[in-house]
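Beneath this line is the structure, given in structure tokens, with notes to follow.
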Amino acid sequence: MAGSAAPTRAAQFCSGFLEAGWLVALVVVPLYYNPFSAGMFDYDKTAVLRALALLMLAAWLALQAARASRLPRWQQLRTTPLLAPVVVLIMATLLSTALSIDPRLSFFGSLSRNNGTYTLLALLVVALAVGTELRQPAQQQRLIGALLAASCVVSVHGIAQHFGFEPALWEYDLSLRIISTLGNPIFAGAFLGMAMPLTLACAVPLWQARNARGFLYATLLALQSVALWWTGSRGPLLAALCGVGFMLLIQFRQAGRRAWALALLATLAAGAIFITVLNIPNGPLQPLRTVAPLQRLANMLNSEDTSTSGRSRIWRGALRLATARTPIRFATGGADALQAIRPLVGYGPETFGPAFELVYDNAIGRDVFPDRAHNLLLDALVTSGGLGLAATLFMWAAILVLGMRTAGLLPDRSATLMLLLLTTSGGIAMGAAAYIIFDVSYVAPACGIGLVAGAAVYCASAPNTSNHTNPTEDRLLASAVLGTLAAHFIEVQVGIPTITTQLLFWTLVALLCSLSPIAPSAPLAASTPARKKDAKKSAPLNIITQWLVPGLITLLICTTLIADFAISRQRVAEQGALIITLMLLAALSSAALLARTWADYWRALLIASSTLVIFTIYNAALGALAQPAATTAVDALRIDSTYQSFFTAYNLIVWAVAAAISLALSQSQKVSALHSTTFAGATTALGFLFAAGLGWQTDVGSAQAEMTSKHAQTLEANNRLEPALGLFTQLTQLHAAEPDYWYRVGQLQRRIAQQNATPAERNPHRIAAEAALRTAIQARPFGADAAVTLARLYHDWATDEPSKAAQATAAFESATWVTPANVYLWNDWARFEYATRGDFSAAQAKLAQSLALDPAFDSTHLALGDMHLAHATIDTTAAGKHLADATAAYRNALALQKKPQDLAKTHIKLGRVAEAKAALTTDAFEEAQDEFAVAASLQSGSDLAATNVLQGNLYVQRSTLQPAQSAQHATTAIAFFERGLAEQAASGQAAREFTPWMVQRTLAQLYFGLGNKPAALAAAQAAQAGAPQSEQAYFAGMINELAPAK
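The opening residue of the sequence shown carries number 6 in this note's numbering; numbering runs sequentially from there.
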């Protein structure tokens, strides 16, 4: 081996950048979200992290190339903790990615979560950096400090949301369940639950030493607890309690307090029993089930609870999918050729959603499309197969053994075997109990929770050992990390691992590796003794680092809040004071957690105060968005480039802060190197440039595309279809491999065609829509959206060109291959068969299939009733039967409906059926009037006006069929018509379901029939005022006839 050499600046910078990278990631990922993006939360968090991870990878490779290591490379690898399970996990993931039903989707991730294999590799880069470069207590303090600072900001912001202080606008009531910067109450709760054991671990030694700083962590723990409670998330709350309990169990055993550990274990078991009994309807704790704080906990196992029942059905479906023998069929024809090995290798990462269409259960919710199993074990089984599940369990088992050994609770091999035996037994026992008490769908989550319970039993009964190879501080930190990981493992048995919780998981696993006594030591310092003169020079730099790094991290936190909340000049004007207040609270709390002395604290705040300059510049830049909405594609593209510039600027700020932190840290680090400074500097610079370019192309560029998508969707929602089409068309040019953008183009072309008046105007758009949708289907043949939209496009087309009916039938059939349980699709197919092809039997068969899939869908019953009602006028020989079937279908729909407006519409349909029956029997008039009256009682405004007009028409028809009572019926009809017109005028809304001038014409005729010429004349004049030009001559003659003679 070559001798040691002087440290190079490049190697020092790379070493500093690695730490800067994980510090920046730990604050940016929890706190950042992109309000201008369609993905908004996890997608954009992941994009920022992946781009940063590429830079970290470049730094790590450059550092390894320059570093002078005394250990042979094979020996370094052999002694690296968790190397084998990580390699096994990577290999299983790569295999499932290569054999995925969509390898591109599996590698890069979906547009909803961006969480494919690429993301896993990026997370492993962060873990690699932490595991190989974190060796000093000061680094541990900075890492934990950054994590807790982020959790403090999340807690403070969440509590502010609960009291209505929220700069952003959301569609739901945050006073009920907060989301903070994580985008979902469960995600926020999961993050806070993972942070709490670490907070407690920081507080305990300070409390024992009676250090006033312990009050800071006690306050933080209280904030986290309050925020966690206000997320209203049951899984994260129980996971946090179990995580803290797991940590305390380990600490009690470390202190030799077995009795305390057993008492705590008994308390945790009693808590589990309490919650179980609380979930028994009419059980011993029934009075407590109605207490407000306990209501959600009391329905965790209630099959009628929406959340619980939905998850259980997803779990059951995931088991069916993992063992399915029926292959996924493609809209292009053919099927999955690898179905036979799917139980072994899975369908591929990020493919749970499209693959789940094969076993979809409408009881989950017709508009709910799960893209995760809400269980870590089932997710691994479906996406990566049996190999992936085995690799996941192997990884967690290795983490548990390493953590227990680091915590000092595994003195020998027999203890390790006992730990694994108890853990496995706990999983099997709870899984079996869940199968017996509930059903197979609960086995996986129960098994996962049982694994933690088994490990907890070992902690309480672990053998005493006094031969600790790790210092007390490391063992305390190891216990906190194990508690955090236990909380995460429990939470993901019923939840979804987000990019934030995954980052914490891998970072803490790497931290655990660095604490392990078998971890290889990184040569952080030069091997030659430093001169006194050099030592004197380095001392001031270390002092500067102590406040410069906290200051830069605090600056980044405040800048991130600006990016989150300041989305327009108007928002800043309205909420500027609140934004600055949140920034101030974030700065004060973050600096307190990161700085170690009062002097460092004030210096860090001084650096963070420069955020006000950034805020001013940012607000000025927002002026570019203060312009009218785009009306053309050119306008849309110009505005869109402004949106994208904000994301560009934020990423550059993240990179710049990371570089500044690395410069500050590199001054106090000495790294041995073998290569010359010139060579190392050049290769390092090239590596960083390559990584930056790659990250910009794959991550920043893809996130900017989603910003364009969000802008286009906003324009589409406001019916600005042409500029929206221009934006999506540009996306198909820049990201031609992304099928979702082609689907959006096809969908927009279809909508534009629908708005055109003539077939000649519609056809060019339909042709363009067809081409775009077929491109989307070719790119992702199992994608449901494009296949369904193509079928509906041909349905539209066939109304103008009957020759397209055959293509529509083929498109509907292929769409049902990829989404066989889609009741909306089956109902649309039925309407096509009846309205376009006139095939009543085929339409009836499609609706029967829809009802078999989901008998509780009121829309299907309404469609069936509409079809029978319409067919009664065609099949006159069986009109009575069709009307009876229509009535039965509408009654079935009524039994399923709850909203007043839906009930009113169905009663109107029943009234129309009775109205149709009136041609057969006069008794049906009363039935029709009763239905219309019920509908009217549920309505107001223009809806009530339309029903009044229907009631008037009913009595007009009745006066015709019952001449002896025509005057009485005409008078009643007039009353309903006048009431309807008055209600319409009072509503201030445009008339729906009727045309006011036509009603006035009918009134004129009725008044004339009753001999009331003045009223007839007034009605005729009102009708003429609103009638089109083609009707003016008619009304002129009527008015001339009704006008009194001069």
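Cβ atoms here follow ideal geometry from the backbone N, Cα and C, with glycine treated the same way.
Short Cβ contact (7 Å threshold) for residue i with residue j
| i | j | result |
| --- | --- | --- |
| arginine 756 | leucine 726 | yes |
| phenylalanine 817 | phenylalanine 335 | no |
| alanine 975 | leucine 1008 | no |
| isoleucine 619 | threonine 689 | no |
| serine 519 | phenylalanine 22 | no |
| aspartate 863 | alanine 893 | no |
| leucine 62 | glycine 700 | no |
| leucine 798 | alanine 774 | yes |
| leucine 283 | leucine 273 | no |
| alanine 789 | threonine 824 | yes |
| leucine 383 | alanine 491 | no |
| aspartate 47 | threonine 586 | no |
| glycine 393 | serine 101 | yes |
| threonine 559 | serine 614 | no |
| phenylalanine 982 | glycine 957 | yes |
DSSP-derived helix/strand/coil call for residue i
| i | result |
| --- | --- |
| arginine 72 | strand |
| arginine 725 | coil |
| alanine 97 | helix |
| arginine 182 | coil |
| alanine 340 | strand |
| arginine 334 | strand |
| tryptophan 607 | helix |
| leucine 508 | helix |
| leucine 394 | helix |
| aspartate 569 | helix |
| methionine 588 | helix |
| proline 1001 | helix |
| methionine 409 | helix |
| glycine 240 | helix |
| serine 671 | helix |
| threonine 85 | coil |
| methionine 305 | coil |
Cβ neighbour criterion (16 or more within 10 Å) applied to residue i
| i | result |
| --- | --- |
| phenylalanine 279 | exposed |
| phenylalanine 651 | buried |
| tryptophan 320 | buried |
| leucine 795 | buried |
| proline 1019 | exposed |
| valine 131 | buried |
| arginine 1082 | There is simply no residue 1082 to check, as the chain begins at 6 and stops at 1051 in what is shown. |
| glycine 413 | buried |
| leucine 181 | exposed |
| serine 942 | exposed |
| arginine 963 | buried |
| glycine 885 | exposed |
| lysine 715 | buried |
| leucine 598 | buried |
Straight-line gap, residue i to residue j (C-alpha atoms, nearest Å)
| i | j | result |
| --- | --- | --- |
| leucine 888 | phenylalanine 930 | 14 Å |
| alanine 852 | alanine 244 | According to the sequence as given, residue 852 is leucine; it is not alanine. If you take the alpha carbons of leucine 852 and alanine 244, they lie about 45 Å apart. |
| threonine 356 | leucine 363 | 12 Å |
| proline 326 | aspartate 366 | The question names proline, yet the displayed sequence has leucine at residue 326. The straight-line gap from Cα to Cα measures roughly 12 Å. |
| alanine 540 | serine 160 | Unreliable positioning characterises alanine 540 in this predicted model, as indicated by a pLDDT of 40, which lies under 50. The coordinate reading is nonetheless provided below. Taking the straight line joining both Cα atoms gives about 41 Å. |
| glutamine 1005 | arginine 917 | 22 Å |
| glutamine 989 | glutamine 944 | 12 Å |
| leucine 407 | leucine 426 | 16 Å |
| valine 497 | asparagine 380 | 6 Å |
| glycine 731 | leucine 642 | 8 Å |
| leucine 242 | valine 231 | 11 Å |
Any C-beta of chain C under 7 Å from that of residue i
| i | result |
| --- | --- |
| alanine 820 | Of the protein chains in the structure, only one exists, and it is not chain C. |
**Item:** Minimum length 4: unbroken alpha helix (DSSP H) runs contained in the region 802–860
**Value:** As far as the region 802–860 is concerned, its whole alpha helix (DSSP H) runs of at least 4 residues are 810–823, 828–836 and 845–858.
**Report entry** Runs of alpha helix (DSSP H) lying entirely within the region 719–771, each at least 4 residues, in chain order
**Finding:** The region 719–771 contains these whole alpha helix (DSSP H) runs: 726–739 and 744–760.
Self-check item: Inside the region 175–221 only - alpha helix (DSSP H) runs reaching at least 4 residues
Solution: The region 175–221 contains, as complete alpha helix (DSSP H) runs of 4+ residues, the segments 190–213 (chain order).
- For the region 245–312, list the alpha helix (DSSP H) runs that are entirely contained and at least 4 residues long, ordered along the chain. 263–283 and 291–294, all fully within the region 245–312.
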